[in-house]
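Each residue of the sequence shown is one higher than the one before, starting from 311 at the first, in our numbering. Note that beta-carbon positions come from the ideal geometry of N, C-alpha and C, so glycine has one too.
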Amino acid sequence: MSRLCLPIWASSLQYLSRISQNMISVVLAGVWRNVLVETLAALGASVRWSACNIYSTQNEVAAALAECGFPIYAWKGENEDDFWWCIDKCINAEGWQPNMILDDGGDATHWLLKKYPAMFNMVKGIVEESVTGVHRLYQLSKSGKLTVPAMNVNDSVTKTKFDNLYSCRESILDALKRTTDVMFGGKQVLICGYGEVGKGCSQALKGLGAIVSVTEIDPICALQACMDGFRVVKLEEVVRSIDVLITCTGNKNVVTRSHLDRLKNGCIVCNMGHSNTEIDVASLRTPELTWEKVRSQVEHIIWPDGKRIIMLAEGRLVNLSCSSVPSFVVSITATTQALALIELFNAPTGRYKQDVYLLPKKMDEYVASLHLPNFDAHLTELTDDQAKYLGLNKAGPFKPNYYRY
Ligand SMILES: NC(=O)c1ccc[n+]([C@@H]2O[C@H](COP(=O)([O-])OP(=O)(O)OC[C@H]3O[C@@H](n4cnc5c(N)ncnc54)[C@H](O)[C@@H]3O)[C@@H](O)[C@H]2O)c1
């Protein structure tokens, strides 16, 4: 069995068990997180699990959990019907009522709300992991349909920094190397979008000696790119000369067929941003272009004049398709999710209304502090005098909610 090794996660268990003494029943829709499932169960939860994505299940992990007796409804390569069947099986079990939902994308939440409204109303809280799921929760809240409190863990600082910046800074290189074996020193690389993901990718490629340029629509991010030593350009200005094109905008149709037509021979094209919408890959499915599969997740698209571009993962998230998420990143997000579940479950009546909340800052800091010993990092403690001077509690939180890290 492929098993995660999460020493930090395990060490947080002691703390978690002190604050969660009650039985919780969790519907868990997400990517493979076997240690999270085992940990929630060790804390007394009755957990059922389905996948949040038809490709994201690791079959060996699902099988191992099923063998341990967990009701698991997930396998790699489900079709659309399987996917909804699994979610339904996960939620609708005789004699079982979920009181917490841990979701990634919002499908389990919406299925429960649509199909089992009475059951939904008995849920104590929803913890949501993804940008899309959080967006859907805010829409529910706006339309007055959110009848339970929800925690947006996507925007907790530790999760965002690790998932978007630090993890992408490493996995972009891993994904590019595994698929292309190209040397990146001296190559002209264009990164579209200089947010968290774009910053990580730009830093990583600069570190390899690539000549990195950036496109941006936001003058603040564009200025940041300038201050970090990157040229800010329009895609049209460099489209004929770049060797590598990476999208990180969260937007759609950032790279169109007209751009792809003008790329030079051998250009590598991939996406690190949203789903498969950033590059208009569908526009390349025309009779005059030939698609040649070179290896898994690598395709050459050949124009009639012999020019070819190298498309990775058909424009889907290249790191998720061709690399893997380090267990350290999983540890950060899983710890955040578990703390959010416990906070919502144990909160006294009235602390959370029927709305979407961010994880309390103190818990975000706690997740970070649990991971510091891994680096033998020693935190400085405020003196009483300093705490008074800054108007802070010595135990935190150390920053206001509006602080930008
Ligand atoms: N690959 C991964 O593992 C991974 C991890 C985390 C997030 N993501 C996804 O990556 C995307 C970006 O995340 P983020 O945290 O960097 O978001 P962000 O909002 O911090 O950054 C996106 C940037 O793109 C810019 N932008 C938008 N449209 C643009 C356009 N047409 N041209 C140029 N720039 C444009 C925005 O101004 C913004 O600065 C999201 O879709 C997110 O879900 C991917």
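Inter-residue spacing [alpha-carbon to alpha-carbon] between E480 and P427: Going from the Cα of E480 to the Cα of P427 covers about 42 Å.
Assuming V677 contacts T468 (C-beta within less than 8 Å), just tell me the rounded distance between them. About 5 Å separates the two Cβ atoms, so the contact holds.
State the beta-bridge partners of H688 as determined by DSSP. H688 pairs with nothing; no bridge assigned.
Given N684 as reference, the closest of I552, Q368, K709, S637 once Cα atoms are compared: When the alpha-carbon of N684 is set against those of I552, Q368, K709, S637, the nearest one is in S637.
Whether or not the stretch 684-700 and the stretch 483-503 are in contact is what I'm after, with contact meaning three or more pairs of Cβ atoms, one per stretch, closer than 8 Å; do they touch? Between the stretch 483-503 and the stretch 684-700, the count of C-beta pairs closer than 8 Å stays below three; the two stretches do not touch.
Give me the DSSP bridge partner(s) of N581. For N581, which the question treats as bridged, DSSP gives the partners T557, L627.
Going along the chain, which residues of its own chain have a beta-carbon closer than 6 Å to the beta-carbon of N369, five neighbours each way excluded? Listed in chain order, the non-local C-beta contacts of N369 below 6 Å within the same chain comprise W385, K386, local neighbours out to five positions each way being set aside.
What would DSSP say about T442, mapped onto helix, strand or coil? Correct three-state label for T442: helix.
When you compare only the Cα positions, how much space is there between P459 and L654? Here the alpha carbon of P459 sits roughly 8 Å from the alpha carbon of L654.
Which residues, in chain order, sit with a beta-carbon under 7 Å away from any heavy atom of ligand 1? Qualifying residues, in the order they occur: V441, T470, D473, N474, S477, C478, S481, C502, G503, Y504, G505, E506, V507, G508, T525, E526, I527, D528, C531, C558, T559, G560, N561, V564, M582, G583, H584, L627, N629, L630.
Roughly how many angstroms lie between the CA atoms of V591 and L689, to the nearest whole one? Looking at the two C-alpha atoms, the distance is approximately 48 Å.
Pick helix, strand or coil for A644, following the three-state DSSP scheme. In the structure shown, A644 falls within a helical segment according to DSSP collapsed to helix, strand and coil.
Start-to-end residues for the beta strand (DSSP E) that takes in S360: Note, S360: beta strand (DSSP E), 356-360.
For T587, which residues of its own chain have a beta-carbon under 8 Å away from its beta-carbon, when the five flanking residues on both sides are left out? For T587, where only same-chain residues beyond five positions count, the Cβ hits under 8 Å are N561, K562, N563.
Touch check for the stretch 412-425 and the stretch 436-451: three-plus C-beta pairs under 8 Å? Because the criterion of three Cβ pairs below 8 Å is met, the stretch 412-425 and the stretch 436-451 touch.
Would you say the stretch 445-461 touches the stretch 664-674, given that touching needs at least three Cβ pairs under 8 Å? Touching, yes.
Paired residues, beta bridge with Y383 - DSSP: DSSP, once it has assigned bridges, lists S360 as partnering Y383.
For A403, collect the residues of the same chain with a Cβ closer than 8 Å to its Cβ; drop the 5 residues on either side in sequence, then sort them by chain order. Excluding positions up to five away in sequence, the list reads R358, P381.
Beta-carbon separation (whole angstroms), C502 vs T557, contact threshold 8 Å: Beta-carbon to beta-carbon, C502 and T557 are separated by about 5 Å, close enough to satisfy the 8 Å threshold.
Contacting residues, own chain, Cβ-Cβ under 7 Å from R595 (five flanking each side not counted): Once the five neighbours on either side are set aside, R595 has no close Cβ partner at all.
Could I get the ranges of all uninterrupted beta strand (DSSP E) runs contained in the stretch 513-564, with 3 residues as the minimum, in chain order? Runs of the beta strand (DSSP E) inside the stretch 513-564: 521-525, 554-557.
Which same chain residues end up closer than 7 Å to T489 when comparing Cβ atoms and leaving out the 5 residues on each side of it in sequence? So the list reads Q607, V608, L622, C632, once near-sequence residues are dropped.
Quick one: is K603 buried, meaning 16 or more other Cβ sit within 10 Å of its Cβ, or exposed? Its Cβ having fewer than 16 others within 10 Å, K603 is exposed.
For N474, tell me which candidate among W394, F540, H584, R550 has the shortest Cα-Cα distance. Looking at the Cα atoms, H584 is the closest of the given residues.
Contact set for I612: own chain, Cβ-Cβ below 6 Å, skip 5 residues either direction: Contacts found: T600, R618.
Hey, how far is the Cα of V441 from the Cα of S451? Distance between the alpha carbons of V441 and S451: 15 Å.
Compare the beta carbon distance of T566 and S593 with 8 Å and say whether it is the shorter of the two. Closer than 8 Å, so yes.
Here's the rule: buried if 16 or more other CB atoms are within 10 angstroms of the residue's CB, otherwise exposed. What is G443? By the 10 Å Cβ count, G443 comes out buried.
Rounded straight-line distance, which links the Cα of S466 to that of Y706: Position check: residue 706 holds Gly in this sequence, whereas Tyr was assumed. Spanning the alpha carbons of G706 and S466 requires a straight line of approximately 16 Å.
Identify the residues that DSSP records as bridge partners of C502: which are they? Beta-bridge partners of C502 (DSSP): T525, T557.
Taking buried to mean at least 16 other C-beta atoms within 10 Å of its own C-beta, is W406 buried or exposed? Its Cβ having fewer than 16 others within 10 Å, W406 is exposed.
Please look up how many angstroms separate the CB atoms of R626 and N581, rounded, as I've assumed it's under 8 Å. Right, their Cβ atoms sit about 7 Å apart.
For L346 and A648, which I take to be in contact (beta-carbon distance under 8 Å), what is that distance rounded to the nearest angstrom? Confirmed, Cβ separation roughly 7 Å.
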